[in-house]
Amino acid sequence: MLEDYIRQRLKERGILLMAHVVVGYPDLERSFELVKAIVSAGVDVMELQIPFSEPIADGPVILNANQSALAAGIRVDDCFKFALRVTQSFDIPFLFMTYCNIVFKRGEERFFAEAKEAGIVGTIVPDIPPEEGTSYLAAAAAHGIDPIFILSPTTPPERLAYLAGFGRGFFYCVARKGITGAKTTFSTELDEFLSRCRKVTQLPLALGFGVSRKEDVDFLKGKVEIAVVGSQALRILNTDGVEAVGDFFHRLR
Amino acid sequence: MQRPGYYGQFGGAFIPEILVATLEQLTAAFEQIKKDPSFWKEYQSLMSTYSCRPTPLTYSENLTRHFNGPHFYIKREDLNHTGAHKLNNVMGQGLVVQRMGKSRVIAETGAGQHGVATATMAAKFGFECTIYMGEVDMERQRPNVFWMEQLGATVVPVRDGARTLKDAINEALRDWATNMDTTHYVLGTVCGPHPFPEMVAYFQSIIGSEAREQMLGQVGRLPSRVYAGVGGGSNALGIFQGFLGDSEVDPVRDPSDNRSGILRFKVSNGVELVGVEAGGEGLETGRHASRLASADGSVGVAQGYKTYFLQNDDGQMLETHSVAAGLDYIGVSPILSAYHEQGRIRFEVATNNEVLKATRLTMKKEGIIPALESSHALACAFREAPEMSADDVILINLSGRGDKDIFTIADALGDESWKKFITTKAEAYSA
C-alpha cells in the first residue's frame, strides 16, 4: 500500500519528500503544529520518531531532541496517541521511527497492533537487522505494516540481496557513511551505490542523510523516488521556529 | 542450535546496517586469531614483557587473622601495567588491529582505566587514538584524563545524556560508523554487539587461567569462593572463566524473588562464583547500578546487545549511581546474564559505604590500595567471611589499584590535610 502510494504520487511529482519529526520535541503541541506546517508545505511521507534514551544511529541534533523530549516527560503511550491524532488530521502516510528497545519492551505484537490502530503504515528501526528481527517481522506482517530496512554503501552485494528479501514499502538508503546530520558530497560513488541497490530490489528507494537544499532535491530527481530531510529541518526548528520549517519545505519543492 | 554471539537469550548484534560489515570483518579477524596456534603465545609474551604477567597471587595473612579465617588470597591485577586488568583486553585487541591493518583506535572510558590502557596501547603500537569520556566522569577522574592526553590521545568530553559511560559508548559507536575504514573501536568490556563480549572475555580469561594454576600450585587446592566486582563484567568473567568448570550447582527457585525464571542456588561442591555489583547509596534508595542482584533490572536491547538493563517500563535507560565510575553502567555482560539465569554465578551488591570501609581495611591490613571498583569484591567477601569456616579459601580479584581514586577517597574520608593541600595548590595556580 505504501509502495502503491509512492508510485502514484511519483506520477504527480518528480520526487517525493519525506520529513522527520521527533514526537514531543519541543513539546507535544508544538510537534503537532510542526507536522501541520510540514504537511501544508507539501511533504509526502513523514517519520514520527518515538524518542529513545540511547539513539546510537542519530547525530547530535536529533540526539538532543530525543533527550529533551524524554526530559520533558514524553512516554511511549503519548507517541501512540500523537500518531492517532496526526493520522486522523492529515492525509499522508506516517511511519514510526524508533529503536529496538522501545518495540521490545512494549512487545512486538502489542507494538504493531497499537501502531495499526494509530494509523501507522510503516516502521524504521535502525538497530534491528533482519537476523535479530524474526518476531519483529512476523508482528509487522501480521498487522500489515511495512518494515523499512536501511541499505548502506558499506553493505556488500550479497548482503544487499539478503536485505532485499525483507523490505516492504521502500528502502531507506544512506548517502554516506556515518550518522544523521553531516554534510554530504553527492558523487559518482552515490550513483554506483544506488545502482547496486536497484540490482537487488524493485521497491522505491529513499535517500537520507545530508539533504538540506532545493539543489540537493533536484539533483536526486530521477535517481531515487524519495528525498529524506531530517536534521536540517530540526536545526531550523531550533533556531527559527515552526513556521520557518514550513517555509523551508516550501523552498525544497 | 544457539546462534553465534548468543548466550541463552542474551547477546546478539543489534546494530545499524552501516556497522554490519565492520563487525563481520572483526568477527573474521577474531576467528582467525583463535585458530592461530601462535597467537596466544604472542599475546602472552607481549603481556609478560610489557606488563607484569603473570600477576601474583598474594596470601593476605592479616585479613585472614582479622576475620579468624577463612584464608584470603588476592589476585593482583592491580600490578598490571597501567594499574588494572583493562590492559589485558586492550593489548589483545591491539594485536587484532595490527592484523586488520587499521591505523586508528577509539574507545569509551568510565573510570578512565580503559582509556589510559587504550592510549598506552596506541602509543606502543603507533596508532592514532581518540577517547570518549562522559563529562561527569572527566570531573571524577581528572588524573586519568591528564595521562591519556600525555600519552598522545585526544580525549573528547561527552555532554549528552547522563554524561557517563553509556553516553561515551554511544558516541564511540557514532565515530566508528563514520570512520570504520581506518578505525577500530576498542570496546572495554564484555558487552556490546557480537563479537565483543566473546572477544573481550577471551583476552581476560588470562586472569582465570593464571589464578587457577596459582591456586593449585601455591595453595594446593581450589578456592571455596571467588569474588569479583561487576560493572560491564570483564574482570569478573576474566577470573570466573578459570573456575566455571569447577562449580557444581544445585539450582533452587527462590520464593522471595518475584522475577520469574530466576534461580537461586546452593553450591554442593566446588567453587562458588560471586559477582558484586554497585549498591551505590543502597538498593532501597534506587540510587545504584545493580542490574542482576537487585529486582530493578529487566531484559532489554541497547548499545547493540540484549541483556539486563536498568530501565523504565518504556525501555528508557535510567541513571545509575556508584562511587566507582567503572561500575556506573546501565547494562551488564550478556554472558553474565546467562550465567545468572542458569544459577552458575551468584550476584550481590556492596554499597558505597561498605566499599569505603573495605578500602580502608585493605590498605591498613595488607598495604594494598584497591580501586573502588575492586573494593566491591572485597566488601562483599568481608561481609560474608564471618559465616565461612576457617578452612575455607576466598579468592578475590583485585582488578585495579586505587591511586586514581585519591580525590574520591580523600573526600569520602573527609581528610583535612588533603583538603588543605588542594586548597594551597589551587591558590598557587590562581595566583
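If you read the sequences in order, they're chains A and B. Residues in the first sequence are numbered consecutively from 471, following this note's numbering. Residues in the second sequence are numbered consecutively from 11, following this note's numbering. Quick reminder that beta carbons are idealized off the backbone N, C-alpha and C, glycines included. As the structure is a computational prediction, the values presented were derived from the model and not from experiment.
- prompt: Under 8 Å between the Cβ atoms of Gly18 (chain B) and Ala348 (chain B)?
  reply: Cβ atoms of Gly18 (chain B) and Ala348 (chain B): closer than 8 Å.
task: Would you mind telling me which residues of chain B sit closer than 7 Å to Glu571 (chain A), beta carbon to beta carbon, in chain order?
output: Sequence inspection shows Asn at residue 571 (chain A); the Glu mentioned does not correspond to that position. Under the 7 Å cutoff, chain B gives Gly310, Val311, Ala312, Gly325.
- prompt: Taking the alpha-carbon positions, what's the Arg629 (chain A) to Ser332 (chain B) distance?
  reply: Ser332 (chain B) has its alpha-carbon roughly 43 Å from the corresponding atom of Arg629 (chain A).
- request: Below 6 Å CB to CB, which residues in the same chain sit around Phe97 (chain B) once its five sequence neighbours on both sides are set aside?
  value: It should be pointed out that residue 97 (chain B) corresponds to Leu in this sequence rather than to Phe. The residues are Ser61, Asn90, His91, Ala127.
- prompt: Between the stretch 13-28 of chain B and chain A, which residues of the former have a C-beta closer than 9 Å to a C-beta of the latter?
  reply: Those would be Arg13, Gly22, Ala23, Phe24, Ile25, Pro26, Glu27, Ile28, in chain order.
As assigned by DSSP and simplified to three states, the class of His350 (chain B): Here His350 (chain B) sits in helix by DSSP.
message: Less than 8 Å between the C-beta atoms of Phe640 (chain A) and Leu690 (chain A), yes or no?
response: Cβ atoms of Phe640 (chain A) and Leu690 (chain A): not closer than 8 Å.
task: Can you tell me which of A:Phe550, A:Glu517, A:Asp688 puts its alpha carbon nearest to the alpha carbon of Val595 (chain A)?
output: Of A:Phe550, A:Glu517, A:Asp688, the residue nearest in Cα terms is A:Glu517.
- prompt: What are the boundary residues of the alpha helix (DSSP H) that Ile419 (chain B) is part of?
  reply: Following the DSSP letters along the chain, one finds Ile419 (chain B) inside the alpha helix (DSSP H) bounded by residues 416-423.
- prompt: If you run the structure through DSSP and keep just helix, strand and coil, what is Tyr569 (chain A)?
  reply: Looking at Tyr569 (chain A) - three-state DSSP - the assignment turns out to be coil, as it is neither helix nor strand.
- prompt: With distances taken between CB atoms, is the gap from Met143 (chain B) to Gly104 (chain B) smaller than 8 Å?
  reply: Contact flag unset, no.
query: Helix, strand or coil: how does DSSP classify Phe581 (chain A) here?
result: Here Phe581 (chain A) sits in helix by DSSP.
query: In three-state DSSP terms, what is Cys549 (chain A)?
result: DSSP, reduced to helix, strand and coil, places Cys549 (chain A) within a helical segment of the structure shown.
- prompt: Under the rule that 16 or more other beta-carbon atoms within 10 Å means buried, what is Gln478 (chain A), buried or exposed?
  reply: The residue is exposed, with fewer than 16 neighbouring Cβ atoms inside 10 Å.
- prompt: DSSP three-state call for Ile476 (chain A): helix, strand or coil?
  reply: Ile476 (chain A) carries a helical assignment under DSSP once its states are collapsed to helix, strand and coil.
field: Opening and closing residue of the alpha helix (DSSP H) in which Gly102 (chain B) lies
entry: Per DSSP, Gly102 (chain B) is one residue of the alpha helix (DSSP H) stretching across 96-110.
- request: Evaluate Asp324 (chain B) with the Cβ neighbour count: other Cβ atoms within 10 Å of its Cβ, from every protein chain shown; 16 or more gives buried, anything less gives exposed.
  value: By the neighbour-count criterion, in which 16 or more other beta carbons inside 10 Å mark a residue as buried, Asp324 (chain B) falls on the buried side.
- prompt: For Gln54 (chain B), which of B:Val166, B:Gly353, B:Ile217, B:Ser343 has the nearest alpha-carbon?
  reply: Measuring from the Cα of Gln54 (chain B), the nearest candidate turns out to be B:Ile217.
task: Would you kindly report the start and end of the unbroken alpha helix (DSSP H) that includes Val438 (chain A)?
output: Absent from the model: residue 438 (chain A). The displayed extent of chain A is 471 to 723, so no value can be given.
Interfacial residues, the stretch 28-52 of chain B to chain A, with Cβ spacing under 9 Å: Answer set for the stretch 28-52 of chain B: Ile28, Leu29, Val30, Ala31, Thr32, Glu34.
message: Does Gln251 (chain B) come out as helix, strand or coil in the three-state DSSP assignment?
response: Coil at Gln251 (chain B), not helix or strand.
- prompt: So which of B:Glu394, B:Thr434, B:Val229, B:Ala23 has the shortest CA-CA distance to Pro724 (chain A)?
  reply: No answer is possible for residue 724 (chain A): it lies beyond the span of chain A, which begins at 471 and ends at 723.
Residues of its chain near Ala535 (chain A), where Cβ-Cβ distance is below 7 Å and the 5 sequence neighbours each way are ignored: Here Ala535 (chain A) has Val492, Tyr495, Leu704 as same chain residues with Cβ atoms under 7 Å from its own Cβ, once five neighbours each way along the sequence are excluded.
- prompt: Which stretch, first to last residue, makes up the alpha helix (DSSP H) that contains Glu684 (chain A)?
  reply: It is Lys, not Glu, that sits at residue 684 (chain A) in the sequence shown. That run of the alpha helix (DSSP H) goes 684-690.
query: Does any residue of chain B bring its CB to less than 8 Å from the CB of Ala527 (chain A)?
result: Chain B, which has a Cβ nearer than 8 Å to the Cβ of Ala527 (chain A), makes this yes.
- prompt: So which residues of chain B does Ser605 (chain A) contact, with C-beta pairs closer than 9 Å?
  reply: Those do not exist, as Ser605 (chain A) stays about 12 Å from chain B at its closest Cβ, beyond 9 Å.
task: Pull up the distance between the alpha-carbon of Leu621 (chain A) and that of Ala121 (chain B), whole angstroms please.
output: Cα to Cα, Leu621 (chain A) sits roughly 37 Å from Ala121 (chain B).
- request: Can you say whether Asn99 (chain B) is buried or exposed, counting buried as having 16 or more other CB atoms within 10 angstroms of its CB?
  value: Flag for Asn99 (chain B) reads buried.
task: Could you check which residue in B:Ala38, B:Cys390, B:Leu36, B:Gly241 has the C-alpha nearest to that of Arg235 (chain B)?
output: Taking each of B:Ala38, B:Cys390, B:Leu36, B:Gly241 in turn and checking the Cα distance to Arg235 (chain B), the smallest one comes out for B:Cys390.
Beta carbon of Gly700 (chain A) nearer than 8 Å to that of Val644 (chain A): Not closer than 8 Å, so no.
task: Using the Cα positions of Ser5 (chain B) and Gln42 (chain B), report the straight-line distance between them to the nearest angstrom.
output: Shown here, chain B extends from 11 to 441; a query on residue 5 (chain B) therefore has no answer.
- request: Please look up how many angstroms separate the CB atoms of Phe725 (chain A) and Val556 (chain A), rounded, as I've assumed it's under 8 Å.
  value: Since the displayed chain A opens at 471 and closes at 723, residue 725 (chain A) lies outside it and no answer follows.
query: What in chain A is Cβ-close to Leu175 (chain B), meaning under 8 Å?
result: From the beta-carbon of Leu175 (chain B), no residue of chain A is found nearer than 8 Å; the closest lies around 12 Å away.
task: Could you name the residues of chain A that Asn180 (chain B) contacts, counting a contact when the two beta carbons are closer than 7 Å?
output: Ordered by position in chain A, the residues that pass the 7 Å Cβ test against Asn180 (chain B) are Glu524, Ile526.
query: Going by other Cβ atoms of all chains shown within 10 Å of its Cβ, with 16 needed for buried, is Lys276 (chain B) buried or exposed?
result: Any reading at Lys276 (chain B) must be qualified, since the residue scores a pLDDT of 48, below 50, and its modelled position is unreliable; no value is offered.
Thr361 (chain B): first and last residue of the uninterrupted beta strand (DSSP E) it sits in: Here the beta strand (DSSP E) through Thr361 (chain B) covers 356-361.
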